[in-house]
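Quick notes on the structure that follows.
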Amino acid sequence: MSSIRALVVAAVAAGVLAGTGTGAMAATAVSRFDDGSFETPVAPANSFQMVTAGGSIGPWQVTAGSVDHIGAGFWQAAEGDQSVDLSGQSGGTVAQTFTTVPGKRYTVTYSLAGNPASGPAVKTGKVLVDGQNFQDFTFDTTGKSMTNMGYVTREVTFVATGASTTLAFASTTNTAAGPVLDDVQVRECAPCPSC
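Okay, so the sequence shown: first residue is 62 according to our numbering, each after it adds one.
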């Protein structure tokens, strides 16, 4: 499986270098999915940094609105030290483009919570694959706190249609406190559970 992935990465890289890539999508998909826990770069400890559209958090691009990159100690993370509030000043979107094998099935798992500080109790958002809505999600922050965020694990499956795929998470909570995302993982699955 890793040799297939290496061949796909090499083919995409060769196509881009030779000027035969399939546009910006191929140029940005340089490797495997990475940094699903938002650990790079290091956000301010016990605080956060707002990132607006056009900015990035490691391999993630903020493609709409704004998000808050949460530093260690600000609130409980699902994995590692950092996470992302998908609503900075209002609803935002983070996206990552990575190499895939056309026709292969992939499973995405992620940890979901919500900013308990303010805004509506129920936070909402969606998972997009190549711009298509694959899953809507909600999280109720009632009874949750900064030290007990109440993360739940969600899952979505897709079949890759090209040599690269863009996975995005978007908040539909248009306030300054939205759904919280952490521990995103992508894996090839054969067979996938519940496909």
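Think of the CB as a built atom: it goes at the ideal place given N, C-alpha and C, for glycine as much as any other residue.
Can you tell me whether residue i is helix, strand or coil according to DSSP?
{"i": "Ser225", "result": "strand"}
{"i": "Asp212", "result": "Per the sequence shown, residue 212 should be read as Tyr rather than Asp. Looking at Tyr212 - three-state DSSP - the assignment turns out to be coil, as it is neither helix nor strand."}
{"i": "Phe135", "result": "coil"}
{"i": "Gly153", "result": "coil"}
{"i": "Ala85", "result": "Per-residue confidence for Ala85 stands at a pLDDT of 35, beneath the threshold of 50, marking its modelled position as unreliable; the derived number appears in the next sentence. Of the three classes helix, strand and coil, the one that applies to Ala85 here is helix, per DSSP."}
{"i": "Lys165", "result": "coil"}
{"i": "Ser117", "result": "strand"}
{"i": "Ala174", "result": "strand"}
{"i": "Val217", "result": "strand"}
{"i": "Val103", "result": "coil"}
{"i": "Glu140", "result": "coil"}
{"i": "Ser108", "result": "coil"}
{"i": "Ser179", "result": "coil"}
{"i": "Leu147", "result": "coil"}
{"i": "Gly239", "result": "coil"}
{"i": "Arg248", "result": "strand"}
Hey, quick one: how far does the beta strand (DSSP E) through residue i stretch, first residue to last?
{"i": "Trp121", "result": "121-125"}
{"i": "Thr234", "result": "Element bounds for Thr234: n/a, residue is neither H nor E."}
{"i": "Asn194", "result": "193-201"}
{"i": "Phe94", "result": "Taken as a continuous stretch (DSSP letters only), Phe94 belongs to no beta strand (DSSP E), as it is neither H nor E."}
{"i": "Lys205", "result": "Unbroken run through Lys205: none, as it is neither H nor E."}
Can you tell me whether residue i is buried or exposed, with buried defined as 16 or more other CB within 10 angstroms of its CB?
{"i": "Ala178", "result": "exposed"}
{"i": "Gly186", "result": "buried"}
{"i": "Asp146", "result": "buried"}
{"i": "Gly115", "result": "exposed"}
{"i": "Thr158", "result": "buried"}
{"i": "Asp243", "result": "buried"}
{"i": "Ser127", "result": "buried"}
{"i": "Ile65", "result": "Unreliable placement is indicated for Ile65, whose pLDDT of 35 sits below 50; the coordinate value is still reported in the next sentence. Exposed: under 16 other Cβ atoms inside 10 Å."}
{"i": "Ala224", "result": "buried"}
{"i": "Gly192", "result": "exposed"}
{"i": "Thr161", "result": "buried"}
Please look up how many angstroms separate the CB atoms of residue i and residue j, rounded, as I've assumed it's under 8 Å.
{"i": "Val247", "j": "Phe94", "result": "4 Å"}
{"i": "Thr226", "j": "Val190", "result": "6 Å"}
{"i": "Ala174", "j": "Val241", "result": "4 Å"}
{"i": "Val169", "j": "Val245", "result": "7 Å"}
{"i": "Ala231", "j": "Gly180", "result": "Contact flag wrong, Cβ pair sits at about 16 Å."}
{"i": "Ser148", "j": "Tyr212", "result": "Actually they are not in contact, since the Cβ atoms of Ser148 and Tyr212 sit about 17 Å apart, beyond 8 Å."}
{"i": "Thr218", "j": "Pro163", "result": "About 16 Å separates the two Cβ atoms, so there is no contact after all."}
{"i": "Val103", "j": "Thr113", "result": "Not quite, the Cβ-Cβ distance comes to about 19 Å (not below 8 Å), so this is no contact."}
{"i": "Lys165", "j": "Glu216", "result": "That belief does not hold up - the Cβ atoms of Lys165 and Glu216 are roughly 17 Å apart, past 8 Å."}
{"i": "Gln143", "j": "Met210", "result": "Incorrect: roughly 13 Å between the Cβ atoms, too far for contact."}
Okay, do the segment 132-143 and the segment 229-237 touch, 3+ Cβ pairs below 8 Å being the bar? Taking a cut-off of 8 Å on C-beta distances, the segment 132-143 does not touch the segment 229-237, as fewer than three cross pairs fall below it.
Three or more C-beta pairs under 8 Å: does that hold for the segment 107-121 against the segment 203-215? Touching, no.
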